[in-house]
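Q: Counting the sequence shown from 1 gives a position; the numbering used here is that position plus 55. Where is the CB? At the ideal position from N, CA and C, for every residue including glycine. Just dropping this structure here.
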Amino acid sequence: MTLLRQAGDYPNRSVVEYATVEVRIPNELLPSNLQHTDQAGETPITLSVSPSGRLTNKTLYLNSVELTEQFAAHLANLFDSRTYAGHYELRVRVRTTTKTTTATKGKGEHSARVAEVLASAD
56 MTLLRQAGDY PNRSVVEYAT VEVRIPNELL PSNLQHTDQA GETPITLSVS
106 PSGRLTNKTL YLNSVELTEQ FAAHLANLFD SRTYAGHYEL RVRVRTTTKT
156 TTATKGKGEH SARVAEVLAS AD
């Protein structure tokens, strides 16, 4: 597994690279606590997921693209039993941030929790 770049690997020492999963779902199909009241029902909304697979507005920080792709495949199976089955789009993204402490801590915690979820799903 190839790990993404840490703080200090870029010329700007406060930049951290992380992988994440984004989910685009029509606003009307979202759980009520995540719906955007100012958006039309069919407007696609981009959210993230928690390490356990729940939709959230908080960023998921993972330390490798391979782990993120495995998690996205797991999410596709999980989402097929939900009300928005067939009406969502999963995207694996690699991003950078200058929130060094948040991203570094998140990458360690989230990656370990996602690995546990994937191991228990097998």
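Starting from residue 83, follow the alpha helix (DSSP H) in both directions and report where the run begins and ends.
A: Where residue 83 is concerned, there is no enclosing alpha helix (DSSP H), given that its DSSP letter is neither H nor E.
Q: Can you give me the C-alpha to C-alpha distance between residue 84 and residue 156, rounded to a whole angstrom?
A: In a straight line, the C-alpha of residue 84 is about 34 Å away from that of residue 156.
Q: Can you tell which of 74, 81, 114 has the C-alpha that lies nearest to the C-alpha of residue 141?
A: Nearest C-alpha to residue 141: 81.
Q: For residue 119, does the three-state DSSP call read helix, strand or coil?
A: Residue 119 falls in the strand class under three-state DSSP.
Q: Which residue comes first and which comes last in the alpha helix (DSSP H) that contains residue 164?
A: Start and end: 155-176.
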